[in-house]
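Engineer:
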Amino acid sequence: MSITLVILIATGLISASALNNRELFYKLDFQPFMIDRNKQWYRFLTHAFLHADWGHLVVNMFVFYQFGKMVESYFELFFGPRWIVYFCLLYLGGILFSTIPGYARNRTNYNYHAVGASGAVSAIVYAFILMEPMAPLGLFLIPFRIPAWIFGLLYLALEYYLDKNSKSNVAHSAHYFGAVFGLLFTFILKPELLLRFFQ
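Have a look at this one:
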């Protein structure tokens, strides 16, 4: 069984349990105030295994499954037996790195809560973009595709803009910082990918 499928199943089971148990949900979600006050550091990780609703869960896991399988294949090709460790570090690092702005901004905000694997999923997607910059990518229900590197730039610009200007409850900074982590981590593991990217 692939590590992508293991993470997907674990996320689905924990999310389903928490959606039916609000006490569990609030024990595991991302609350910077509780982390800062009660030193509940585990929330930096556990929030990524929860989702706000079934739609949120399905979209995140669908994207993760599609790109995770491809990143697994490349990591196995590039890194041999170490690929599982590197893949897990990519996913977990995306979770942790994407929480930095939310934690910094909301350490004193008792009402701030966040959930979802979006930061980790963004890390996986952008690792793929670095490895396959010319792959055709698009969004749901849009009939045309564009090269992955252009899609990646446009998505980063959009998320950065929305983080600065949107009043919604979506943690756009998590998408942005997760994507940046995915690029940097993959580049550090295999610097020659940058040359291949520009070629």
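Count along the sequence shown from 1, then add 1255; that gives the number in this note's numbering. For every residue, glycine included, the Cβ atom is placed at its ideal position computed from N, Cα and C. What you are looking at is a predicted structure, and each value in this text was computed from that prediction instead of being measured.
#1: Are the beta-carbon atoms belonging to L1392 and A1382 less than 7 Å from one another?
#2: Alpha carbon to alpha carbon, how far is L1408 from L1263?
#3: To the nearest angstrom, report how far apart F1346 and Y1358 are at their CA atoms.
#4: Determine the DSSP secondary structure at F1285, reduced to helix, strand or coil.
#5: What residue from T1259, Y1416, G1374 has the CA that sits closest to E1331's CA?
#6: Identify every residue that forms a DSSP beta bridge with A1265.
#7: By the three-class DSSP mapping on this structure, what secondary structure does L1448 have?
#8: Mapping DSSP to helix, strand and coil, what is A1369?
#9: Starting from S1257, trace the alpha helix (DSSP H) both ways and give me its first and last residue.
#10: Indicate the three-state DSSP secondary structure (helix, strand or coil) for L1439 in the structure shown.
#11: Shortest alpha-carbon distance to P1388 belongs to which of P1287, A1307, V1326, M1316?
#12: Flag this pair as yes or no: are the beta carbons of F1432 and F1352 separated by less than 7 Å?
#13: Looking at H1302 and F1285, is the spacing between their C-beta atoms short of 7 Å?
#14: Based on the DSSP output, what are the partners of I1339 in its beta bridges?
#15: Identify, in the order they occur along the chain, each residue of the same chain with its Cβ nearer than 7 Å to the Cβ of A1273, setting aside the five sequence neighbours on each side.
#16: Pick helix, strand or coil for L1274, following the three-state DSSP scheme.
#17: With distances taken between CB atoms, is the gap from H1427 to S1377 smaller than 7 Å?
#18: Evaluate contact between the stretch 1366-1376 and the stretch 1310-1329, counting only Cβ atoms and requiring at least three cross-stretch pairs below 8 Å.
#19: Can you tell me which residues form a DSSP beta bridge with L1392?
Structural biologist: This is what the structure holds:
#1: Taking the first residue of the sequence shown as position 1, residue 1392 is located at position 137. Taking the first residue of the sequence shown as position 1, residue 1382 is located at position 127. Their beta carbons are not under 7 Å apart, which means L1392 does not touch A1382 by this criterion.
#2: If you number the sequence shown from 1, residue 1408 lands on position 153. If you number the sequence shown from 1, residue 1263 lands on position 8. C-alpha separation (whole angstroms): 27 Å.
#3: Sequence index remark: in the sequence shown, residue 1346 carries index 91 (1-based). Sequence index remark: in the sequence shown, residue 1358 carries index 103 (1-based). Checking the sequence, you will find Tyr at residue 1346 rather than Phe. Straight-line Cα distance between these residues: approximately 19 Å.
#4: Along the sequence shown, read from residue 1 onward, the residue named residue 1285 stands at position 30. Here F1285 sits in strand by DSSP.
#5: Taking the sequence shown and counting its residues from 1, the one referred to as residue 1331 is at position 76. The candidate whose alpha carbon is nearest that of E1331 is T1259.
#6: Looking up residue 1265 in the sequence shown gives position 10. In DSSP, A1265 forms no bridge with anything.
#7: On the sequence shown, residue 1448 is found 193 positions in, with the first residue counted as 1. Helix at L1448.
#8: Against the sequence shown, residue 1369 aligns to sequence position 114. The answer is strand: DSSP assigns A1369 an E or B state.
#9: Here the question's residue 1257 lines up with position 2 in the sequence shown. It is not in any alpha helix (DSSP H) - S1257 carries neither H nor E in the DSSP assignment.
#10: In the sequence shown, residue 1439 corresponds to position 184, counting from 1. L1439 falls in the helix class under three-state DSSP.
#11: Counting from 1 along the sequence shown, the entry for residue 1388 is found at position 133. Residue V1326 is the option with its Cα nearest to P1388.
#12: Counted from its first residue, the sequence shown places residue 1432 at position 177. Counted from its first residue, the sequence shown places residue 1352 at position 97. Result yes, Cβ atoms of F1432 and F1352 sit closer than 7 Å.
#13: In the sequence shown, residue 1285 corresponds to position 30, counting from 1. In the sequence shown, residue 1302 corresponds to position 47, counting from 1. Yes, the pair counts as a contact, with Cβ atoms nearer than the cut-off.
#14: Mapped onto the sequence shown, residue 1339 falls at position 84. None, per the DSSP bridge assignment.
#15: Here the question's residue 1273 lines up with position 18 in the sequence shown. The residues are L1279, F1280, L1283, L1305.
#16: Numbered from 1 along the sequence shown, position 19 holds the residue referred to as residue 1274. Helix at L1274.
#17: Locating residue 1427 in the sequence shown gives position 172, counting from the first residue. Locating residue 1377 in the sequence shown gives position 122, counting from the first residue. Contact: no.
#18: yes
#19: The count along the sequence shown starts at 1 and reaches residue 1392 at position 137. Note: L1392 sits in a beta bridge opposite I1401.
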